[in-house]
Every structure is written in structure tokens, then in C-alpha cells.
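Visitor: Protein chains in written order, with our numbering: chain A, 1395 to 1623; chain B, 1395 to 1623; chain C, 1395 to 1623; chain D, 1395 to 1623; chain E, 1395 to 1623; chain F, 1395 to 1623.
Built from N, CA and C at the ideal position, the CB exists for glycine as well.
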């Protein structure tokens, strides 16, 4: 078994979830998916989109890269299929601009749906023009070198979340969430149930009913000792 | 008297300023109001809007909530009237997503104008669609529990500013400012005087006159020893 | 020679680069110019634009200002010509709002193209309406005083970069880069060569060729020991 | 009533708590006092001591000071009595070195017990030699000016906590906590009860009994659904 | 298989590495162990010791806890054996004081060697007196509740590193590193080889030989184009 | 002239200030030297010592290094003389551990007095044992590579300050300050005058005289409108 942070390895054939399943998770969005899987898998809040209004889900092609060295991005693109998303974690904190419009052009030509990077990105005007979505820790033009190996498609810890190659990434304006490939089907089921349930609540709340009543919170608040003065 | 951080209390009938006064303060905007009241009352710069181009003023319904626990938000909504704004400070630093589209639906149905939260918010796409404005410390989907009491309508310190229930919150793209209810009328007067005064200056500056001359700065600069070389 | 941080001095006639040269650098953008000059001159990633989609280059009029004191901004504007950009560094970390719509009106009337400030800015709605571009460390309405001298057109360190008066500032959505006036012509040449070269690569990448092959990376990756499994 | 952030005022005669009460609170320490008063009043975790092993309590003489301007410190010292502690909050974020060995000498000669400052301090070697304890946001030698008024003995928000002149400050290696003067007696009673109670628990825990049993947690954990596997 | 972030589970019998192996890793220290295992497993640099001069290794008993809720710490202690170390990661960012002298007394009575916590700790004076070592993200007295389940002995991501129950934690003044239990023997071998090798180098360097010569760097520097002027 | 950030160059013979002058500056300490030269030259407050109670001054041997690459440190040591101090700035933000006990052994054998590094350091226990003082941005064991050129003895911007090779670095518990070699004599004169002047003031303050009176502040405070209530 290949551990987190293993260096110098490219895993070539990774399992991926079914694309209909992935798309259905994407339609649910980050907050719902995160809740549906027991409030886990969320990446840190500093992972911000460079665009607004994009929501997607895709299969993770993972990259472990040295700080300031984007060589492994080029290696990773060869491993991508249509429907994948690149997910890069540096081996130590870094905000250099690993990714710009040229690599995005390459990624797009292979059907890559976007990039999640716990580091910097550049050429952001071009990336928005190309409609290539990115969630990153920083926007920074600082160039990188190509000198030191990292790995592709090994488990990584990205912005505080464990991501295995082939896991499903869900991303929107709220941030980024990872769903383990093995859990995807169960999570989708719960996410869709949650959405159905929320729709009914939304109507009642819109009509002026209070959450206090809908969720029957008053007895427990009283029991805890809440005082109205 | 109820102190900052008191727990387990809901104050039901809070005084509010006159709505015309509130609206007039809102029209002045954050920078002008902050100046007019002697450069105080500004919340920390990390309180950022999730939308662009919104400017408003409203009466604060305050919430002191435990970290990662949004129970008091539900309690607070019952205390809201049309024209109020929810203002939440966690009892210790937290960026969890206390507030999303369901609670926003509930708040909106009661005429609540927006949310100020020194923590996280989620469902930001939906909130923008609903035109429900939010100023927050973070955008983060992390879910919260409903287990521990806080308080509603007690004094709170939010992002470095003391806020009493019924104080006026002014918010726009520059951030958030609080005006004590007792000071509102005097502050408005000064703010409007400031605006009138600024308009005249703006014309002169647009015509190429220098601030150095309009404000007669040259003698004092010379006295301080400024050297032109 | 006047050193970084010298106080109480205004240098009146600074050399500037040729405006055609400056415009041509602006057209290249931050990432390209930064690469063309050997990956130096980039300001820290916390220098963010208050608007989206602006790209420009201009001659730096530098300001060294005390924390919370914007007096020198007024002094600096008199030194500005059409085509200049104001660049302010506080003498110690500060995020106060040194600059708002009134000073922007004054600056605009003299043909100033924008502002780079390692501190705060306010009236951001107005600045966007006026199409006056700003890159700043913070958006913050906090007012400033006019009590203590700083300097104008002395060398400054702004967001980690040394900037001499008359240096060329290039700024866009990726951030801010400085080019020494003496280097501008050579940097432009390299930047334009780089752009020409990139265009050819972009076509090949768009057609599905891999960076691995275009840049002939495979032999060196193998030599370093990269393993495909 | 004088509000938070009021400028240009020195309140000369402030009420103080009884010194025996203050000393007794100091003996309890920050964690115990914070718990005893309902988990409120704690200053932010970035307020760190420049020394190790000091524990004290004292009456707050409050200072609201402009960024980078330490004039009000000199004004404040005249207002101090033996047993006081200086508490300074800047009107906007600042880490300049407002306080060094000279002012410490002056403060010490009046019996001032220490300094709480949401900004910087310098001459830290000397301050440690003098055994003058300081809790600060930063250690930074940056000098300040004496140009702009602030206030002394008005309410301030310091590191997220509301502090009124005459409130009791408790500080040790864990940080800083404020107790309202009006609450001091009640808080002390609870703090001492808590200490007595803890002593008994400490013995049982030292003997190997588990908190799970001492606090009878098992039934409620089971009820919540905790599974042992 | 139990995933990262699973809630409501206590795994009772975890495998541990041999204690001689653990002690030997501890003797090597963080920097050497980190290098020996291929520069991975290091926790973020914000994990700082509350004491100076402690170096240890121990078996991880892992805790996933909600923000501001230390219930699971009590549950975890029952699972500890002599030679273990508690490792706590909150499910969202938090700096509350989960751990103080009472729980430390309990942990110590069971032979627990210390605590690694990506959150806050309190009673630090007492902990140092007890010689109970802690590496934490913050020192903060803020109290916690006991309301919501987390898990014990599930995989966690702590300060950016994946930690499985039973993994070996190495900690000293440089920070904290994790070694997978399965890798411990191989890592120790490499770490000891590295130490032996370094000792010889240290002598040569102490005698004035240059790293440039010992590591034969000159030809490669010349080849890369380094110019001496 | 060699600019800030130039890559691939080693300047071999740099001018240094007179050692008696350097030692005398060191004796004054950071706060005094910073004041004496007009409150400039201070490095950012995040540059913290790994030890307590060290005060020194030395000639800067500067290093510009890529992120995560410590090759240039080895190159720099050959350029060092007794009485020098290594000063390293990475070309983009980085906290990796560039420096440990082996390089320190090498540096010490050549008479190097210490290290200033806007990045990480490791083996801090050993460095303290060796009495090799370090001021750094981070303590972090993360290893570095030796692949990419930087430069030695070129001007650098380190923690916000411009440092030329041969400039004098003054460092103590308050942080780090740089004095231009050309200014050293004048700065020393002013620093010593300042110390003499302070000594007299210290006596008066210790005797209970107020700064308000010694510095004759009362009239100007009154003129500014300070009100005693």
C-alpha cells in the first residue's frame, strides 16, 4: 500500500466512480454533501474559488509536489481522463503559482474539469475567460521550477482533508469537499433525501413558521434553562 | 444589567431606533458614519461581504453563541422584526457555517435585512440568489450542532466592536460599523454635514485643485520640516 | 543617495520610463513580466485588487507613510503626472483606510492611473464606480490623521519588494510586479519573446500534445527515478 | 456615560475593587476565574506573556490609543496607583512598540504591576530584568509618535474583551481574563469553591479513577449512541 | 474500514509498536526521523511545545473531537496504556482549551507520556510543574462543553498529517512527526544510519572543511551556471 | 550594479564595517539603534529568536534562496569571515528548515556569529546547546533540496527590510534591525548619545517624576483639547 507523501511514484490506473453518480453529487453542492456524509471531508476555508457561481463534481487525480516545483503537474495531466479534476498538495506550505493558462489549456484539451490546489495559481484572468474553474489557497504569479520528483495518484492530505486518487471532489462557492469513492453511492442517497426534506422545510419557513416550532426546540431549550426576560 | 457574554438569556423587547433615522444612516455608508462618530465603532477588516454593491442599515438583534453551535440563531429569529439584522459573535474563535439558506428563508420571511457573523456562512450561492446580504469572517460549509445555550439580545463584542441590542448596524462593501442607538441622531446629523462638505471639496479636487491648498497644509508641513529636493 | 525609509523628504523630479514602453509592459501582464525578468519583483500575495479584470502599467510615485497617517498622500499627488501610479508603504504594519473617493478624485484629475497600497482603502464602491483601480492589503474604513511626516519619491519596500520612484508597476488580477526603470527595455523584449513562444505552445497543448513531450521531460524524469506503477 | 472609543478624555477618579479581593482572584489564576464567571471575559489567545511563571491580578487603568502613538501612556501613568495594571487597546490594529524600559521605570515607581497591550512592546530583556510583567500581541521595537489624543479610563475593547476602568485583570501563562468590578466578589466565591472541588477530584484522578466514572459520563455517552468496537 | 472523521466510535484494542523501537525513534528526534522516512509525516509548524528541552516518542491514541467539546478526551483516557500519547484533532478549526491539569493528572496516572493537540491547552504552569509535555496550536483558557460525540482511535488528520491509532509520534523542540507503525522498524534503521553518517560529517565540518567540498558540490554548481564575481 | 533578487551570482569580496564599530552597535541593542537611525531598518515582528537573552551585531553575508532549497547556504559559508552573520531570504514565502546543526557546525568553525532567516530552522535543541543564535520566521524540521541556484552577497529584501551585503545586523530579544554600512558610524554616535540621555531620564522616572513633566507635555495636550473629567 502506498502511503501519504510517498515520493517518486505515478499510479497509472486508478478506479473512478460512475460518472452519473459523480454528476448527481455535484448537483447537490458542498454543504449538502458534507452534511450527508456526517460532516466530514471538508477542505479548509482558505481554499477559495477564483470564479463565482461554479458548482461541479469530478474524480480526483492527486498530486504531491515539492514547494515551488510544478513538474508533477505535467506528469499528472497524462494520467487524466475526461471528468477528472487535478488536486495538488505541496509537501510543505507554499503559495507559488504552480498553474497558469498553458497548463490549463493542456488540461482542458483532455477533458479535465478544474483544479484544486493548496498553493497558488496565476493567469487568473485567462482561466476565467477559459471557464476553467480553480479553487486555491492563493493567487500568486510566482514561477516554479522543474527539478524534484513528487508523486501522482498517491493519497494526499490537501487543506486538512485526506484525498485518495479516484475520490470524488465536490466544489462550489462554499469551498471544497471530498467523498470517498467507496462511500459515494450511500452519500448521494442521503444527500438527495436531505434535499427533499429541506424543500418541505423551506416552504414552511418561507411562510413564517419558526424553526423553534418546526424542529420542536422549545421543550429542550426550557430544559436546558433558557430564560426569557 | 446584563453583561457581555452572559449565557442562557433571551431579552425579548429591545428598543430600536426610528426607521427613518436608520435608513438615513444607511444612505451615508460605512466610511462616512465611522468618521461622523469620531472614528469608532468599526468592526475588524476580516468581516467581508459575500456579495458586492450592497449598502444597508438595520437594528441589531444580537446573538452570543458557543463555537460550532447555531441553536441560538433559531431562538433569535423569533425576536426579530422587519428592519432588523442578525449579529452573531461566537464565544470563542470559530469559522463554522452557522447560517445557510434555510435559516435565511426563515429570517427573510420575518423581514430581517441581513446577517453580520464573526464566524462562517454557507449556501452562499443561494444567499446571493435570494439577495440576502451577509458580512462574515469566513465562507465555510462546516455544519453545527444544537446542544449548548448562548444568549439573544445581550451586549456582545463582535469583531472587536461592542454591540448592544438595538444598536444600528451600517454595512457596505467597506465593511461594518456600529452606531449606538443613543447616538444615532447626532451621528446622522454629523454624517450628513460631512457629506455636504465633501461634495464641495469633490468638485474642487475634480477641477485639479490640490488638497495641499484646499486644506492649507503647506505652512504646517514646512513647520514640521518637510524638505523638497 | 537617499535610503529606504528616509523621512521628511519629497523628491520632486523623478525620471520616468518612456510611456510606450510602459504600456507595452502593461499589455504583457504580471505573470509574463515576472518571468521575463528572472522571477523577481513580485509583491506579496496579500496585495489584492478591489476590482476584477483591470490590467495596467504605470510609473511609481512612492510614498513612505507613518501608520494611520495619510498626510503624505496629499503631498504625493502634487508630484504626480499623467501616467503615474501611487505606491504607498506604511513604516510599520497597518491596515487603516488611507485612501478614499476624495483623494481618488484628486488623483484622477491629474491623470493618476491607480493605487498600490500595503495598507487599507475605503469608499471601494465609489472607487469601482470611478474606475479607479486599487491593489491593497485590506479594505477598511478606519480613518487616518495628518500629523507626522513621511517621504515622497524615496525608495520603499512595499509588500516585500524594493520600489524606486520611477520604477514601472505592472498590475492585474494576479497581483503586482515591479520592474526597475533601467531594466524595462530588456524586460519588455524578453516578455514579448516569451509571449510569442507561448502562443505556439498553446496551440500544441490545445491539440492534445503533452507538456511531457513538448518540453522533452521524459528522459530526465526517468533519470531522477520516477516510477510508473 | 462615556462610550467605548471616546477620544480626548481622561477620567481621573475611578473606582477600584478591594485589594484583598484582587489578590485572592490573582491566586486563582486565569483558567479558574474564567470558568467561575461562566466562561467569559477571556482575551484573545494572541495575548502572550513576555515572561514565564508570572501570575497576578490588578485594577485596570485603560488606555485607548491611536495606532503608532503612545502619548496616552504618559497621560495614563499619572492616573495610576499602586496595584494598578495598564491596559492599552489601539484604535486600529497595530503592533508598534508603545512601551519600553523607560516607561516601565516610571510605571514601576508608581507601583504599577504590569501591562496588557494589544500591540507591541520593546526592551523586553530589560523588562524581564526589572521583573515588570507584560502580556502583548507582539514584541516589536518600532517607535511611536506623540501627536494624537486618545483617552484614559474609558471603556475599551481589548483583544476581544470589554474592559472598564477599575475592572480586575487576571493574568498568567495561560493568558489574560477580565472580571467586572461589580462581579468580583461573586466570582471569587465561585472560583474558590471550584478550587476546593477540583482538589478532591485531582486526588481521585491521581489514584487512577477515570473521569468517565467520577463524572458519571457512561450512561449519557451510551444514550448519545457511542459505540465501542 | 473506519474512515477519517467517523463519529461516535471508540476502537478499543489498537496495535502498538514495540516499546524499544519507539524509544529508539524518540532518541533520534524529529528532524532525523522526518528525513529518514523520506521527508514526510511532519505536522504543521504551528504545533509548538509549551515547554523547552523535551524529546519523546510514544504510541498515538487518536481523538476526533467537535470544536469546543472535550468529552472524547475523557473517553480516550480509558483506552490509554503506559507509553501512549494523546493526539487530538478538532473537526473544525478551534483553539479552545480542551486540556488542563485535571485531565493531565488522570492521563499521567495511566502512564500517558504527553499530548499533541491541534487546538488549545490551559493550566500550562501546572503542566510544566507536572512535567507533562504538550505540543499545541494555542495556549488558551477557554472552557469546553461535553455534549457531542466524536471518536477515539479512528484515523485523523492532525495539523496536516494523517495519523492512525498506534502510529508512533516523535516530538521535540522542532515540532511533531508521525511514523506509520508498519514503517517504524525501517525508519529507525535509516534514522540510525543517518546519525552515524552525520557524526563523521560533523567532525569534518567542525574542523573547517566546507560542505561544498565534502558533498562535492562545486562541479554541479558550475554546470548550473553559478558565477563568482 | 546587481539588483535585488538577481540569481546565480556569488559576490566574493564584500566590504565590511570596522569590528569595533559593529560591536559598539551591538551593545546598544535593537530598540536604541532603530531609534537612532530614524526608526527605519527594522525587520518584521515575526522574526523571533530561538533563544533568550542573546544580543549581537555582525556583518551580513546575504543569501537569496529558492523556496525549499538550501544549496546557497553551503555556497555562502565559504564567503564568511569571523564576525559575519548569515542572512537568508527565500524568493517566495517558505518556512522549511533550511538550517540545522550540521551547517551550524560549519558556520561556527568559520567564526560566523549567527543566522537571520525569513524561513524555518531545525535542530533547535542542538543550536541552543552550541550557543549558535538564530532569529527565524519558523521552527520547522521540513527538509530542503539542493537543485536550484540563488545568489550570495546580493541585495535582498528580508522580512520587509532591504539588506545589502556588509550591512550591520543588530539582533536581540526584541528582534532584528539592519544598519547600512555607510551609516554605521553616524548611527552609533546617535545611539550612544541616546543612551546617555536615557540614563538621566531613567533616574528621574525611577524617582517618581512623570514623563508628562520631564517632557513638558501638558501644554501641548491642553492645546490639543485633552479633557480631564
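For a quick check, are the C-beta atoms of residue 1453 of chain D and residue 1562 of chain D less than 8 Å apart?
Guide: Yes.
Visitor: Can you list, in chain order, the residues of its chain whose CB lies under 7 Å from that of residue 1403 of chain C, leaving out five sequence neighbours each side?
Guide: The residues are 1396, 1545, 1548.
Visitor: Per DSSP, what are the beta-bridge partners of residue 1424 of chain F in this structure?
Guide: According to DSSP, residue 1424 of chain F bridges with nothing at all.
Visitor: Of all the options D:1512, D:1414, D:1502, D:1598, which has the alpha carbon lying nearest to the alpha carbon of residue 1471 of chain D?
Guide: Taking only the C-alpha atoms, the option nearest residue 1471 of chain D is D:1502.
Visitor: Residue 1530 of chain F: which of F:1499, F:1558, F:1411, F:1516 sits nearest, CA to CA?
Guide: Out of F:1499, F:1558, F:1411, F:1516, F:1516 has the C-alpha closest to the C-alpha of residue 1530 of chain F.
Visitor: So residue 1545 of chain F contacts chain A; which residues on that side make the cut at Cβ distance below 7 Å?
Guide: Result: empty, since nearest Cβ-Cβ is about 15 Å, beyond 7 Å.
Visitor: Counting only Cβ pairs nearer than 8 Å, list the residues of chain F close to residue 1472 of chain D.
Guide: Near residue 1472 of chain D (Cβ distances below 8 Å), the residues of chain F are 1604, 1606.
Visitor: Could you run through the segment 1483-1496 of chain F and flag, in chain order, every residue whose CB is less than 7 Å away from some CB of chain A?
Guide: Those residues of the segment 1483-1496 of chain F that come within reach of chain A (Cβ to Cβ, closer than 7 Å) are 1486, 1487, 1488, 1489, 1490.
Visitor: Restricting to Cα atoms, I'd like to know which of E:1495, E:1449, E:1603 is closest to residue 1522 of chain E.
Guide: Comparing Cα positions, the closest option is E:1495.
Visitor: Of all the options D:1519, D:1444, D:1558, which has the alpha carbon lying nearest to the alpha carbon of residue 1513 of chain D?
Guide: For residue 1513 of chain D, the nearest C-alpha among the options comes from D:1444.
Visitor: Counting only runs of 3+ residues fully inside the segment 1428-1463 of chain D, write out the beta strand (DSSP E) ranges in chain order.
Guide: For the segment 1428-1463 of chain D, whole beta strand (DSSP E) runs of length 3 or above, ordered along the chain, are 1450-1459.
Visitor: What's the call for residue 1558 of chain E, buried or exposed, on a 16-neighbour Cβ count within 10 Å?
Guide: So residue 1558 of chain E ends up on the buried side.
Visitor: What does the Cβ neighbour count give for residue 1429 of chain A, buried or exposed, with the cut at 16 atoms within 10 Å?
Guide: Looking at its Cβ environment, which holds 16 or more other Cβ atoms inside 10 Å, residue 1429 of chain A is buried.
Visitor: Which whole runs of the beta strand (DSSP E) in the segment 1499-1560 of chain A are 3 residues long or more, in chain order?
Guide: Taking only runs of at least 3 residues, the beta strand (DSSP E) segments lying wholly in the segment 1499-1560 of chain A are 1509-1515, 1528-1533, 1550-1552, 1555-1557.
Visitor: Whose C-beta lies closer than 8 Å to the C-beta of residue 1335 of chain C among residues of the same chain, with five residues either side of it excluded?
Guide: Lying outside 1395 to 1623, the shown extent of chain C, residue 1335 of chain C is not represented and no answer is given.
Visitor: Please state whether the Cβ-Cβ distance between residue 1435 of chain B and residue 1572 of chain B is less than 8 Å.
Guide: Yes, Cβ-Cβ distance for residue 1435 of chain B and residue 1572 of chain B is below 8 Å.
Visitor: Using CA coordinates, which residue listed in B:1492, B:1424, B:1448, B:1456 is at the minimum distance from residue 1462 of chain B?
Guide: It is B:1492.
Visitor: How far does the beta strand (DSSP E) with residue 1484 of chain B in it extend, from its first residue to its last?
Guide: That run of the beta strand (DSSP E) goes 1478-1484.
Visitor: Along chain B, in chain order, which residues have C-beta atoms closer than 9 Å to that of residue 1588 of chain D?
Guide: Within 9 Å Cβ-Cβ: nothing; residue 1588 of chain D doesn't reach chain B, min ~17 Å.
Visitor: Taking the C-alpha atoms as reference points, what is the distance between residue 1400 of chain F and residue 1556 of chain F?
Guide: So the alpha carbons of these two residues sit roughly 14 Å apart.
Visitor: Please report the residue range of the alpha helix (DSSP H) in which residue 1623 of chain D lies.
Guide: Premise fails: residue 1623 of chain D is in no alpha helix (DSSP H) and is neither H nor E.
Visitor: Measure the C-alpha to C-alpha separation of residue 1446 of chain D and residue 1525 of chain E and round it to an integer number of angstroms.
Guide: Roughly 15 Å between the two C-alpha positions.
Visitor: What are the residues in the segment 1456-1481 of chain B lying within 9 Å of chain E by C-beta distance?
Guide: The segment 1456-1481 of chain B vs chain E, Cβ under 9 Å: 1460, 1461, 1462, 1463.
Visitor: Considering only DSSP beta bridges, list what residue 1566 of chain C is partnered with.
Guide: In DSSP, residue 1566 of chain C forms a bridge with C:1569.
Visitor: List the residues of chain B that residue 1618 of chain A touches, going by C-beta distances under 7 Å, in chain order.
Guide: By Cβ distance, chain B contributes 1543.
Visitor: Can the beta-carbon of residue 1467 of chain D be found less than 8 Å from the beta-carbon of residue 1553 of chain D?
Guide: No. Outside cutoff.
Visitor: Does the distance from the C-beta atom of residue 1710 of chain D to that of residue 1570 of chain D stay below 8 Å?
Guide: In the structure as shown, chain D starts at 1395 and stops at 1623, and residue 1710 of chain D therefore has no counterpart that could be examined.
Visitor: By Cβ distance, which residues of its chain are closer than 8 Å to residue 1488 of chain C, with the 5 residues on each side in sequence left out?
Guide: Within the same chain, residue 1488 of chain C has close Cβ partners 1461, 1462, 1513, 1514.
Visitor: Under DSSP, the alpha helix (DSSP H) around residue 1491 of chain D begins and ends at which residues?
Guide: Run containing residue 1491 of chain D: none in the alpha helix (DSSP H); it sits in the beta strand (DSSP E), 1491-1493.
Visitor: Which value, in whole angstroms, describes the spacing of the CA atoms of residue 1473 of chain E and residue 1398 of chain A?
Guide: Computed Cα separation, rounded: 26 Å.
Visitor: Could you please give the first and the last residue of the uninterrupted alpha helix (DSSP H) stretch that includes residue 1588 of chain B?
Guide: Counting along the chain, the alpha helix (DSSP H) containing residue 1588 of chain B begins and ends at 1578-1600.
Visitor: Which residue marks the beginning of the alpha helix (DSSP H) containing residue 1608 of chain D, and which one marks its end?
Guide: Element bounds for residue 1608 of chain D: 1605-1608.
Visitor: Please go through the same chain and pick out, in chain order, the residues whose beta-carbon is closer than 7 Å to the beta-carbon of residue 1536 of chain C, but skip the five residues on each side of it.
Guide: 1490, 1491, 1514, listed in sequence order.
Visitor: For residue 1578 of chain B, is the classification buried or exposed, using 16 other Cβ atoms within 10 angstroms of its Cβ as the cut-off for buried?
Guide: That one is buried.
Visitor: Round the Cβ separation of residue 1585 of chain A and residue 1424 of chain A to the nearest angstrom and send it over; I've been treating them as touching at under 8 Å.
Guide: Not a contact, Cβ separation roughly 11 Å.
Visitor: Please return the same chain residues whose Cβ sits closer than 6 Å to the Cβ of residue 1575 of chain C, not counting the five positions on each side in sequence.
Guide: Cβ neighbours of residue 1575 of chain C beyond the five flanking positions: 1411, 1560, 1561.
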